[in-house]
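Residue numbers (this note's numbering): 1128 to 1377.
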């Protein structure tokens, strides 16, 4: 079979097959990227189209975080209390940053809502929160994994662990936290840059994933077809070999 494959005709077919393989891989990767982009665009549109709802309509203190609450934008009126905490070991656009986490006491319930007001460069002191009554628009998120460091040290946390914050802040707690979007209508906080709220599920867009696999199958088919042609030619050569030997001997 190797002797057959090395013939100029089949080497030329191999070159064609390899070109098709490269094209199939490139097209498949492009469709895979499109699947991610489409899913992300759908997630962004889903978040933007969600109506902003009062916090009281979405969750109450001590209640479990709602199944559809992640990314839900809510409004709440209240006031920031106490000194800010920082959540360490975060990254934004490749830079090490720290989230600024404040205690927001919600009017009406008097319960604490943990609010990530923004971020500062690693090691920089966080600015104080606004004083007095504040109109907050935030994007909800479920509690993060428990902080295994054993407690708040120098005002630092390893995660937004609501169970740990219960021990730090007196009063009832909301079982989740919010990324501040605006405060009193201001999109930018003094001395802070907002943390972009995480998007909801951005699973791959099924149709484009299938297109990607089709291109990769096409690439595999090109190689399989070349092997099949060469194998058939090699078998034909083996079948013709006795006849050629007979002709040479006569």
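Just so it is clear, CB atoms sit at the ideal spot from N, CA and C, and this is done for glycine as well.
Note that the structure is predicted; figures quoted are calculated from it, not measured.
Beta-carbon spacing of residue i, residue j below 8 Å
| i | j | result |
| --- | --- | --- |
| residue 1253 | residue 1211 | yes |
| residue 1154 | residue 1353 | no |
| residue 1340 | residue 1243 | no |
| residue 1299 | residue 1237 | yes |
| residue 1385 | residue 1312 | The chain is shown only over 1128 to 1377; residue 1385 falls outside these bounds and no answer can be derived. |
| residue 1241 | residue 1293 | no |
| residue 1263 | residue 1310 | yes |
Anticipated Cβ contact below 8 Å, residue i with residue j, distance rounded
| i | j | result |
| --- | --- | --- |
| residue 1245 | residue 1320 | 5 Å |
| residue 1268 | residue 1306 | 6 Å |
| residue 1265 | residue 1308 | 6 Å |
| residue 1350 | residue 1148 | 6 Å |
| residue 1218 | residue 1224 | 7 Å |
Boundaries of the beta strand (DSSP E) in which residue i is found, first to last residue
| i | result |
| --- | --- |
| residue 1240 | 1239-1248 |
| residue 1315 | First-last for residue 1315: undefined, no H or E at that position. |
| residue 1212 | 1200-1219 |
| residue 1310 | 1300-1310 |
Bridge-paired residues (DSSP) for residue i
| i | result |
| --- | --- |
| residue 1223 | 1218 |
| residue 1261 | 1205 |
| residue 1229 | 1242 |
| residue 1320 | 1246 |
| residue 1267 | 1305 |
Residue range of the unbroken alpha helix (DSSP H) whose run includes residue i
| i | result |
| --- | --- |
| residue 1183 | 1182-1185 |
| residue 1293 | 1289-1295 |
Proximity winner among the options, relative to residue i (alpha-carbon distances)
| i | options | result |
| --- | --- | --- |
| residue 1229 | 1221, 1218 and 1213 | 1213 |
| residue 1302 | 1204, 1216, 1196 and 1208 | 1196 |
| residue 1179 | 1192, 1203 and 1158 | 1203 |
| residue 1216 | 1142, 1247, 1348 and 1157 | 1247 |
| residue 1182 | 1317, 1291, 1235 and 1221 | 1235 |
| residue 1323 | 1289, 1282 and 1200 | 1200 |
| residue 1249 | 1314, 1221, 1241 and 1232 | 1221 |
| residue 1156 | 1362, 1346, 1360 and 1355 | 1346 |
| residue 1342 | 1138, 1152, 1355 and 1136 | 1152 |
| residue 1189 | 1207, 1316, 1285 and 1290 | 1290 |
| residue 1187 | 1239, 1142, 1310 and 1288 | 1239 |
| residue 1207 | 1337, 1232 and 1344 | 1232 |
| residue 1325 | 1177, 1133 and 1198 | 1198 |
| residue 1283 | 1251, 1355 and 1142 | 1251 |
| residue 1160 | 1362, 1337 and 1348 | 1337 |
| residue 1209 | 1297, 1359, 1146 and 1141 | 1297 |
| residue 1348 | 1360, 1177 and 1141 | 1141 |
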